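Enquirer: So the sequence shown is numbered by numbering that gives the first Met the number 0: it starts at 0 and just counts up by one.
Before I ask anything, here is the structure I am working with.
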Amino acid sequence: MQHRHNPSSSCPTSQCGRGAFIAFTSVYIFFAVLTRKSKRPPLPPGPRRKPIVGNLWDLPDPSQQDWQHWLKHKDRYGPISSLSIMGQTIIVLNDARLAVELLESRSSIHSSRPQQHFAEMAGWNNVLGAVKQSQRFRATRKNLHREIGSNVSVARFNEIQTAEVGRFLLRVLDAPDKLMKHIRKWVGYGYTIEPHDQDPLVDLADKAMMDFSMAMLPATWAVDFFLPLKYLPSWFPGTEFMKIAQRYRKNVTAFSDIPYAFVKEQMRTGRFVPSFLSNLLESSDLEPGSEEENTVKWSAGSLYAGGADTTVSSIASFFLAMALFPEVQRKAQQELDTVIGTDRLPQYADREQLPYINALVKETFRWHPVVPMSLTHTSTADDVCEGYFIPKGSSVLANIWAFTHDPAAYHDPMTFKPERFLSPKPERDPHFLVFGFGRRVCPGRTLADVNVYLTVAQALAVFEISKPVKNGKVKDVQPEFLPGVISHPAPFDVSIRPRSAKHLELLRSLEQKYPWEKSNAEDLKNI
Numbered sequence: 000m001q002h003r004h005n006p007s008s009s010c011p012t013s014q015c016g017r018g019a020f021i022a023f024t025s026v027y028i029f030f031a032v033l034t035r036k037s038k039r040p041p042l043p044p045g046p047r048r049k050p051i052v053g054n055l056w057d058l059p060d061p062s063q064q065d066w067q068h069w070l071k072h073k074d075r076y077g078p079i080s081s082l083s084i085m086g087q088t089i090i091v092l093n094d095a096r097l098a099v100e101l102l103e104s105r106s107s108i109h110s111s112r113p114q115q116h117f118a119e120m121a122g123w124n125n126v127l128g129a130v131k132q133s134q135r136f137r138a139t140r141k142n143l144h145r146e147i148g149s150n151v152s153v154a155r156f157n158e159i160q161t162a163e164v165g166r167f168l169l170r171v172l173d174a175p176d177k178l179m180k181h182i183r184k185w186v187g188y189g190y191t192i193e194p195h196d197q198d199p200l201v202d203l204a205d206k207a208m209m210d211f212s213m214a215m216l217p218a219t220w221a222v223d224f225f226l227p228l229k230y231l232p233s234w235f236p237g238t239e240f241m242k243i244a245q246r247y248r249k250n251v252t253a254f255s256d257i258p259y260a261f262v263k264e265q266m267r268t269g270r271f272v273p274s275f276l277s278n279l280l281e282s283s284d285l286e287p288g289s290e291e292e293n294t295v296k297w298s299a300g301s302l303y304a305g306g307a308d309t310t311v312s313s314i315a316s317f318f319l320a321m322a323l324f325p326e327v328q329r330k331a332q333q334e335l336d337t338v339i340g341t342d343r344l345p346q347y348a349d350r351e352q353l354p355y356i357n358a359l360v361k362e363t364f365r366w367h368p369v370v371p372m373s374l375t376h377t378s379t380a381d382d383v384c385e386g387y388f389i390p391k392g393s394s395v396l397a398n399i400w401a402f403t404h405d406p407a408a409y410h411d412p413m414t415f416k417p418e419r420f421l422s423p424k425p426e427r428d429p430h431f432l433v434f435g436f437g438r439r440v441c442p443g444r445t446l447a448d449v450n451v452y453l454t455v456a457q458a459l460a461v462f463e464i465s466k467p468v469k470n471g472k473v474k475d476v477q478p479e480f481l482p483g484v485i486s487h488p489a490p491f492d493v494s495i496r497p498r499s500a501k502h503l504e505l506l507r508s509l510e511q512k513y514p515w516e517k518s519n520a521e522d523l524k525n526i
């Protein structure tokens, strides 16, 4: 009887071998992955992930104070927590020690930036805080460091800053109810603003800074985690961010191009005032449209975005604090009267003799850090922190506000108290927390510190700042702050008046020392 071959009972050697190999390999890989996962530390704790989207719905709304949103993680999950969105891991740090450990001590692998799709759509991907490309990052930092990276280089601008503070005091004297408008009247670029009226470049910079503060919000825009959203039609539900990005891009283009063109034209006609940008242009031979020109243009833009607007926030917070904590103001003025007297204004050279004023500057930076949540850092290698796994490519967020309001580090943190830095065991200097970490530390921090010191010292020397009085009653003032990467105090009213007739005379003498100059606003019309 003929034997009929049964394919199920046997197989050619090559096919059987291949099948066995595949089966064996599959089992090996399965157990290898299982073993590796079992040996790998867990991710930091965090909210429960939903299928597919993960923690997408656990992100803060752009209208929220994101630092308060993330601070809730500390109570629920501890000083380090995590989320996962579309496979992207987010690490949240609510402890300063961990931030220093990761972002300072291990900055070589935690200093990159993520691909921020919304910021790119909005045109803000060229500002230093968002630059990911290492070559452009180094070139921009080099430009900034050369001009404002040390006490010696910043000292060249002390005279200019002192004059600007003097004009600021005069504006406040003449129209104290327009405090915030006066604080914002600094744009740099060797540009002279309208002394008393609306200025087009100031208005342009204000719009751009408001956009920047929202566009750069970390872990907020869904398109940063799910790129396909970028390619949906603009009428599709949930794509409102597209119109927002288009509006931001229009403003940011004007913000980068108009001041740059202004300085180039002033230099061409020999009418320029030396500035950060003119110094860079004088030392460079740039091809129009080149990468080098773009770097120089955005070095100046980054200085404004990272310096001028943060200074605005700090000075506004200072005036708010003085209205809320009059005893601090009294002690500061007592020191100024004793050391400086009442015949002149304090200068930068007096700084070492004014310990309480210096402590007050530190407390201004601590009480409300201008960047409450750090810009996102990206990890370029796997790491472990506190027994938790941090995967390569993770986005790392540091809650600066939580660091400067940690009761374990700062006694009674909600109170504005400069004395905390003057005791035999002073509390931690906030300068080491509020200006960033490692390779991403703010290159303009020295310039900002000098500007805040001069403004604080000179304003306290001549003005009495208090809560406003209306119909014979003192109006309450609340310490409220707006959301955004750069957070400003919410609009508030304060009373500002000269301390005495002698102080009024001292203020008026500034009109001769720093006479009002003709604005460059007309020149912008030809740009």
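We treat Cβ as the ideally placed atom computed from N, Cα and C, and that holds for glycine.
As the structure is a computational prediction, the values presented were derived from the model and not from experiment.
So, for SER80: in the same chain, excluding its five sequence neighbours on each side, which residues have a beta-carbon less than 7 Å away from its beta-carbon?
Expert: Once the five neighbours on either side are set aside, the close Cβ partners of SER80 are PRO43, PRO44, GLY45, HIS72 and VAL91.
Enquirer: Work out the CA separation of ILE51 and PHE225 for me, nearest whole Å.
Expert: Distance between the alpha carbons of PHE225 and ILE51 is about 11 Å.
Enquirer: Going by the CB atoms, is the gap between LEU319 and PHE480 shorter than 7 Å?
Expert: No, the pair does not count as a contact, with Cβ atoms beyond the cut-off.
Enquirer: Less than 8 Å between C-beta atoms, sequence neighbours within five positions excluded: which residues of the same chain meet that for SER312?
Expert: Excluding residues within five positions, the ones whose Cβ falls inside 8 Å are HIS367, VAL369, ILE485, SER486, HIS487 and PRO488.
Enquirer: Here's a check: name, in chain order, each residue in its chain whose Cβ is nearer than 6 Å to the Cβ of ILE147, leaving out the five neighbours to either side.
Expert: Excluding sequence neighbours, ILE147 sits near VAL153, GLY443 and LEU446.
Enquirer: Using DSSP with H/G/I as helix, E/B as strand and the rest coil, what is GLU193?
Expert: Correct three-state label for GLU193: coil.
Enquirer: For my contact list, PHE261 and VAL126 are in at a C-beta cut-off of 8 Å; report their separation, rounded to the angstrom.
Expert: Incorrect: roughly 19 Å between the Cβ atoms, too far for contact.
Enquirer: Looking only at its own chain, which residues have a Cβ that is under 7 Å from the Cβ of ALA315, when we skip the five neighbours before and after it?
Expert: These residues qualify, in order along the chain: MET179, ILE182, HIS487 and PRO488.
Enquirer: According to DSSP, simplified to helix, strand and coil, what is SER133?
Expert: Reduced to three states, the DSSP call for SER133 is helix.
Enquirer: Locate the alpha helix (DSSP H) running through PRO382, then write down its first and last residues.
Expert: Note that residue 382 is Asp in the sequence shown, not Pro. Looking at the DSSP string, ASP382 is not in any alpha helix (DSSP H); the run it does join, the beta strand (DSSP E), is 382–384.
Enquirer: Whose C-alpha, out of LEU523, GLU521, ARG496 and LYS517, is nearest the C-alpha of ALA174?
Expert: With distances taken between Cα atoms, ALA174 lies closest to ARG496.
Enquirer: Between the C-alpha atoms of LYS242 and GLN352, what's the straight-line distance to the nearest angstrom?
Expert: Answer to the nearest angstrom: the Cα atoms are 53 Å apart.
Enquirer: Determine the closest residue to GLN249 out of ALA207, MET215, ASN157 and GLU264, with distance taken between C-alpha atoms.
Expert: The sequence given here has Lys at residue 249, not Gln. Nearest C-alpha to LYS249: ALA207.
Enquirer: Looking at the structure shown, is ARG496 part of a helix, part of a strand, or coil, going by DSSP?
Expert: The answer is strand: DSSP assigns ARG496 an E or B state.
Enquirer: For my contact list, PHE571 and GLY189 are in at a C-beta cut-off of 8 Å; report their separation, rounded to the angstrom.
Expert: Residue numbering for the chain in the displayed model covers 0 to 526; residue 571 lies beyond these limits and cannot be assessed.
Enquirer: I'd like the span of the beta strand (DSSP E) that includes ILE389, first residue to last.
Expert: Start and end: 387–389.
Enquirer: Excluding the 5 residues flanking GLY77 on each side, which residues of the same chain have their C-beta closer than 7 Å to its C-beta?
Expert: Contacts found: PRO44.
Enquirer: Can you check the region 393–424 for any beta strand (DSSP E) of at least 3 residues that lies completely inside it and give the ranges in chain order?
Expert: You should have 394–397.
Enquirer: Thinking C-alpha only, which one of HIS195, PRO345 and LYS38 is nearest PRO514?
Expert: Checking every option, the nearest Cα to that of PRO514 belongs to HIS195.
Enquirer: The alpha helix (DSSP H) spanning VAL99 covers which residue range?
Expert: That residue, VAL99, is in no alpha helix (DSSP H); it is neither H nor E in DSSP.
Enquirer: Examine the Cβ distances between the region 450–463 and the region 324–344 and report whether three or more of them are shorter than 8 Å.
Expert: Short answer: they touch.
Enquirer: Locate the beta strand (DSSP E) running through THR310, then write down its first and last residues.
Expert: Run containing THR310: none in the beta strand (DSSP E); it sits in the alpha helix (DSSP H), 308–323.
Enquirer: Looking only at its chain, what residues have a beta carbon closer than 6 Å to the beta carbon of PRO371, apart from the 5 residues adjacent to it on each side?
Expert: Excluding residues within five positions, the ones whose Cβ falls inside 6 Å are TRP66, ILE399, TRP400 and SER486.
Enquirer: How about THR191 and SER518: are their beta carbons less than 7 Å apart?
Expert: Contact flag set, yes.
Enquirer: In terms of DSSP beta bridges, what is ARG49 paired with?
Expert: Note that residue 49 is Lys in the sequence shown, not Arg. LYS49 is bridged to GLY53.
Enquirer: I'd like to check one pair, PHE275 with ALA299: are the Cβ atoms closer than 7 Å?
Expert: Yes, Cβ-Cβ distance for ALA299 and PHE275 is below 7 Å.
Enquirer: Beta-carbon within less than 8 Å of ILE21's beta-carbon, same chain only, minus the 5 sequence neighbours each way: which residues are those?
Expert: With a pLDDT of only 38 at ILE21, under the threshold of 50, the placement of this residue in the model should not be trusted, and no figure is reported.
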